[in-house]
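Novice: Chains as they are written, first to last, in the numbering used here: chain A, 722 to 1019; chain B, 26 to 253; chain C, 414 to 634.
Where is the CB? At the ideal position from N, CA and C, for every residue including glycine.
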Amino acid sequence: MKRILALITTAVAVLATAACGSSDPLTGGDGGGDGGGSVVVGSANFPESVLLMEIYAEALRRAGAEVQTRPRLGTREITNAALQDGSISVMPEYTGNLLQSFDPDFTATAPDEVYAALQQGLPERLEVLEYSEAQDSDVLVVTQQTSEQFGLTSMDQLAPLCGRFVLGAAAEWPQRWAGPIADIYGCTFQRVISTDSGGPVTIEALRSGAAQVVNLFTTDPVIEANGWVELADPKQMYPAQNIVPLVRSGALDQAGVDAFNAVSAALTTEELTELNRRIAEERAVPADLAKEFVATAL
Amino acid sequence: MILVEALGWLVDPANWQGPDGLLVRLGEHLWFTVRVVLIAAVIAVPLGLWVGHSGRGGVTLVGAANAMRALPTLGLVTFLFLLSPSTPVLVTIAGLVVLAVPPILAGAYAGVQSVDGRVTDAAIGMGMTGWQRLWQAEVPGSLPLLVGGVRNAALQVVATVTVAAYVGVGGLGEPLLVGLAINEYPQVAAVALVTAVLAVAVDTVLAVVQRLVVPNGLRLAASAAGAT
Amino acid sequence: MLGGIGLYLSSPTNREKVLGLLGEHVYLAILPLLIGLAVALPLGALARRGALLRTGTVQASSVLYTVPSLALFVVMPGILGTSITSPANVVVSLAVYTTALLVRPVVDALDAVPGHVVAAAIAMGYRPARRFVAVELPLAVPVLAAGVRVASVSNISLVSVGALIGIGGLGELFTEGFQLRYPAPIVIGILLTLVLALVVDLLLVGLRRLATPWAHAGVGS
Chain A
722 MKRILALITT AVAVLATAAC GSSDPLTGGD GGGDGGGSVV VGSANFPESV LLMEIYAEAL
782 RRAGAEVQTR PRLGTREITN AALQDGSISV MPEYTGNLLQ SFDPDFTATA PDEVYAALQQ
842 GLPERLEVLE YSEAQDSDVL VVTQQTSEQF GLTSMDQLAP LCGRFVLGAA AEWPQRWAGP
902 IADIYGCTFQ RVISTDSGGP VTIEALRSGA AQVVNLFTTD PVIEANGWVE LADPKQMYPA
962 QNIVPLVRSG ALDQAGVDAF NAVSAALTTE ELTELNRRIA EERAVPADLA KEFVATAL
Chain B
26 MILVEALGWL VDPANWQGPD GLLVRLGEHL WFTVRVVLIA AVIAVPLGLW VGHSGRGGVT
86 LVGAANAMRA LPTLGLVTFL FLLSPSTPVL VTIAGLVVLA VPPILAGAYA GVQSVDGRVT
146 DAAIGMGMTG WQRLWQAEVP GSLPLLVGGV RNAALQVVAT VTVAAYVGVG GLGEPLLVGL
206 AINEYPQVAA VALVTAVLAV AVDTVLAVVQ RLVVPNGLRL AASAAGAT
Chain C
414 MLGGIGLYLS SPTNREKVLG LLGEHVYLAI LPLLIGLAVA LPLGALARRG ALLRTGTVQA
474 SSVLYTVPSL ALFVVMPGIL GTSITSPANV VVSLAVYTTA LLVRPVVDAL DAVPGHVVAA
534 AIAMGYRPAR RFVAVELPLA VPVLAAGVRV ASVSNISLVS VGALIGIGGL GELFTEGFQL
594 RYPAPIVIGI LLTLVLALVV DLLLVGLRRL ATPWAHAGVG S
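In structure tokens:
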């Protein structure tokens, strides 16, 4: 019995030590990542973010950094907090939505305007590197049938229809967009059901008719695969969403910064859509695609 | 501090009303729980009673029930959703039934086992058939443990329906996940509190049921033996 | 379906990831089990000091168990002051559940220690602390082991809920497979969870046998 007690005590001690050891770089960072410690790349909880995380991680590894990944941390509210408390050091981000999270009332829409506003609006310890021309924007989507029935192809035709439409979108959508869409397009949906961030629940909501309109993302291959119709956004309610690395200040050395800038320069919307399609349809592994992309593009 | 904010969130009537209000979510949550526990009971009670009665397959049953406990509900529900995305409610119920069956099965089985051997012997001696023995001696004697199993199952289901919100079927997990998504901690804490209170309420109701179903004879025997 | 699993596992990257997640899962399930046991033992012993203490502790622990795991995971940073992404949130939450699950078995197990053995130990001059560790605890092992087995299965299954906040061991395969509408990783996650639960259960049975050599020494059960 004594032996076993000793065994258990040792096991607890070992595991506890391991716990401290492994959580140290996650919680204890004070921004001093000058290439010595490892860089932690996070991702939000949707597949494209995981893919971009893998691309960033691979580029950093090639630049000689020690890299850890923290996939699927959650929504922007959570990942921003994780960057600020130092649990992660880099996040793949989208310029417009990122700016929105710090400055809900911004009016910029073009890529360079949004980026400029973003550089102004970021809180102290965070910075963005160069943005990519690749974009993945929010887009409202309807079925072919709905589009034909109402002659609906653009958000400026929505106003008279919104009262009878249910929108399916991520939980955080109403807080961010219910105001703007009412102001800009005069649209107040009959109801907004919170589905997920462009995931299976959202897709099923449109398919089953539980929602007539859903919020998806332009690089999602599911839109084309189903012949669904993207609603144009002529008044540019949804701002530019260029892909950009959001970095905790001081977390990267120059080689890391150069690596990210090279990734941003190489990435295009078409490339990103194609990578997403290969993940969704060919079951390609994001980390492998990332290696392939970095090897050929950088 | 967070508790104060959570209570502040709870006393705001706006959070209770409307199609996404807490009342609707609470109703959905309870309705899921009721359906799941009923279906699980229909499956598990006869099985557990029969195995306990016949004395055959007990080891297999306990083993299978334990293995079922290890099945992660989130995995089951997401898997079943992908198989049949158009029926998310059905899929959620099925996933949760898997969670609720083992405790009820164990309760029913242990209940029959707990019936005093002398009682069953007496029943045999009185010339009862197998069915009569089951219905008139073993089932009444097993009720306390059986309802205990149901109580256990209900508790686990109430706590786990929250996971169901991940596939978009509502319940109290919905405001929990929304609160998490928008980083609204008072809301998260408030909903957690409501869920726990609901669990305690369901448990209390079933505890009363458990007391009521103890047959008079057993209660007399128990008090005679000085037990509580 | 099987083809999908084969395809998923044919990638070395995926295999490596699954192994990593399995390791994380073991860690996230076992560490709380040990912490929970370490807390429940003294708590259970304390609870036997009086009838009021006993009902109070047992009731409180059963209420604790009613808090939904997802809720506890997300409220934990507010209580601990940890980062929302810290594994400590899941570890501490599961340790709370383990404690809640184990308090009653500990009390029952200590109750099951025959009074005359304890009396003999007292007569032999064992001080309370030593008596507890050297006499009562070993004799309580058989009943206690049943409770620990239930808690371990429960933990192994609950860890995956943590995937909803980015720390879920094998549960990450569930969210990944779900979002990509790809059942294979989900099935792999479920199967590995089952196997893990089984292996840990067998280990616990083995540990119990080691800890109770008298139970199978041929003197009858």
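1. Where B:A182 and B:H54 are concerned, what is the direct C-alpha to C-alpha distance, given to the nearest angstrom?
2. Check the Cβ-Cβ distances between A:G795 and every residue of chain C, and say whether any is below 8 Å.
3. Where does the unbroken alpha helix (DSSP H) through C:I599 begin, and where does it stop?
4. Measure the C-alpha to C-alpha separation of A:P746 and A:D806 and round it to an integer number of angstroms.
5. What's the gap between the Cα of A:G753 and the Cα of A:A803?
6. For a contact defined as C-beta to C-beta under 9 Å, what are the partners of B:V114 on chain A?
7. Considering only residues of the region 110-184 of chain B, which uninterrupted beta strand (DSSP E) runs meet the minimum length of 3 residues and lie entirely inside it, listed in chain order?
8. Using a Cβ distance threshold of 8 Å, determine whether the region 982-992 of chain A contacts the region 838-855 of chain A, with at least three qualifying pairs required.
9. With a threshold of 16 other CB atoms inside 10 Å of the CB of C:A534, please say whether the residue is buried or exposed.
10. What residues of chain F sit near A:D954, judged by a beta carbon separation below 8 Å?
11. Using 8 Å as the Cβ pair cut-off and three pairs as the minimum, do the region 961-980 of chain A and the region 834-852 of chain A touch?
12. Does any residue of chain B have a CB that is nearer than 8 Å to the CB of A:P832?
13. In whole angstroms, what is the alpha-carbon distance linking A:T748 and A:L772?
14. Please classify B:W34 as buried or exposed, where buried requires at least 16 other C-beta atoms within 10 Å of its C-beta.
15. May I ask you to report which of helix, strand or coil DSSP gives A:E878?
16. Check A:A829 in the structure and name its three-state DSSP category.
17. Does A:S808 come within less than 8 Å of chain B when only Cβ atoms are used?
18. Just to make sure I have the definition right: I need the residues of chain C whose C-beta is within less than 7 Å of the C-beta of B:G198. Which are they?
19. Taking DSSP's pairing of strands, which residues face A:D859 in a bridge?
20. Is the beta carbon of C:V530 less than 8 Å from the beta carbon of B:N91?
21. The alpha helix (DSSP H) spanning C:G417 covers which residue range?
22. Determine the chain A residues that contact C:L420 at a beta-carbon separation under 7 Å, and present them in chain order.
23. So is A:P1007 buried or exposed if we call it buried at 16+ other beta carbons inside 10 Å?
24. Are the beta-carbon atoms of B:T280 and B:L180 separated by less than 8 Å?
25. Give every residue of the same chain whose Cβ lies closer than 7 Å to the Cβ of A:R897, excluding the five residues on either side of it in the sequence, and list them in chain order.
26. Once the 5 residues before and after B:G132 are set aside, which same chain residues still bring their CB inside 6 Å of it?
27. If you reduce the DSSP assignment to three classes, tell me which class A:G750 lands in.
28. Our contact map puts A:V935 next to A:A926 with C-beta atoms below 8 Å; I'd like the distance itself, whole angstroms only.
29. So, is the C-beta of A:V1015 closer than 8 Å to a C-beta in chain B?
30. Would you please verify whether the beta carbon of C:L415 is less than 8 Å from any beta carbon of chain A?
31. For A:G742, does the count of other Cβ atoms within 10 angstroms reach 16, so buried, or fall short, so exposed?
32. For chain C, is any of its Cβ atoms less than 8 Å away from the one on B:D228?
33. When DSSP builds the beta bridges, which residues end up paired with A:P966?
34. Does the CB of A:E769 have a neighbour CB from chain B at under 8 Å?
35. Assuming B:P97 and C:I603 make a contact with CB atoms under 8 Å, what is their CB distance in whole Å?
36. Against A:Q896, what residues of chain B qualify as contacts under a CB-to-CB distance less than 7 Å, listed in chain order?
Specialist: Concretely, from the data shown:
1. For the record, residue 182 of chain B in the displayed sequence is Val; it is not Ala. Rounded to whole angstroms, B:V182 to B:H54 spans 10 Å at the Cα level.
2. Yes, contact with chain C.
3. Its alpha helix (DSSP H) spans residues 596-624.
4. For A:P746, the predicted model reports a pLDDT of 35, less than 50, meaning its position is unreliable and no value from the coordinates is stated.
5. Caution is warranted here: a pLDDT of 38 is assigned to A:G753, below 50, making its placement in the model unreliable, and no coordinate value can be reported.
6. Result: empty, since nearest Cβ-Cβ is about 11 Å, beyond 9 Å.
7. Taking only runs of at least 3 residues, no beta strand (DSSP E) segment lies wholly in the region 110-184 of chain B.
8. Touching, yes.
9. C:A534 counts as buried, since at least 16 other C-beta atoms from the protein chains shown sit within 10 angstroms of its C-beta.
10. Checking the listed chains, one finds no chain F in this structure; the protein chains it contains are A, B and C.
11. Yes: the two stretches touch, three or more of their Cβ pairs being nearer than 8 Å.
12. Output row for A:P832: interface = no.
13. With a pLDDT of only 37 at A:T748, under the threshold of 50, the placement of this residue in the model should not be trusted; the figure read from the coordinates follows. Their Cα atoms are separated by approximately 24 Å.
14. Under this definition B:W34 is a buried residue.
15. For the sequence presented, residue 878 of chain A should be read as Gln rather than Glu. In the structure shown, A:Q878 falls within a helical segment according to DSSP collapsed to helix, strand and coil.
16. Annotated three-state conformation of A:A829 is coil, per DSSP.
17. Using a Cβ-Cβ cut-off of 8 Å, A:S808 does not count as an interface residue toward chain B, since no Cβ of chain B sits closer than that to its own.
18. Per Cβ cutoff of 7 Å: L483.
19. In the DSSP output, where bridge partners are listed per residue, A:D859 has A:F938.
20. The answer is no: Cβ separation not under 8 Å.
21. It spans 415-422 - the alpha helix (DSSP H) in which C:G417 sits, taken as one unbroken run.
22. Correct list: R1004.
23. A:P1007 should be labelled buried.
24. Outside the displayed range of chain B (26 to 253) lies residue 280 of chain B, so it cannot be described from this structure.
25. Counting only Cβ-Cβ distances below 7 Å, and skipping sequence neighbours, we find Q821.
26. The answer, listed in chain order, is L170, L171, G173, G174.
27. In this predicted model, A:G750 has a pLDDT of only 37, less than 50, meaning its place in the structure is not dependable; the value taken from the coordinates is given anyway. Taken through DSSP and simplified to helix, strand or coil, A:G750 comes out as coil.
28. About 6 Å separates the beta carbon of A:V935 from that of A:A926, a gap short enough to meet the 8 Å contact definition.
29. Output row for A:V1015: interface = no.
30. Output row for C:L415: interface = no.
31. Below a pLDDT of 50, predicted positions are generally treated as unreliable, and A:G742, at 39, falls in that range; the measurement from the model is reported next regardless. So A:G742 counts as exposed.
32. Taking 8 Å as the CB threshold, B:D228 lines the interface with chain C.
33. Partner residues in the beta bridge of A:P966, as assigned by DSSP, are A:P813.
34. Judged by the 8 Å Cβ criterion, A:E769 is not in contact with chain B.
35. Cβ atoms of B:P97 and C:I603 come within 8 Å of each other, at about 6 Å.
36. Chain B residues near A:Q896: I207.
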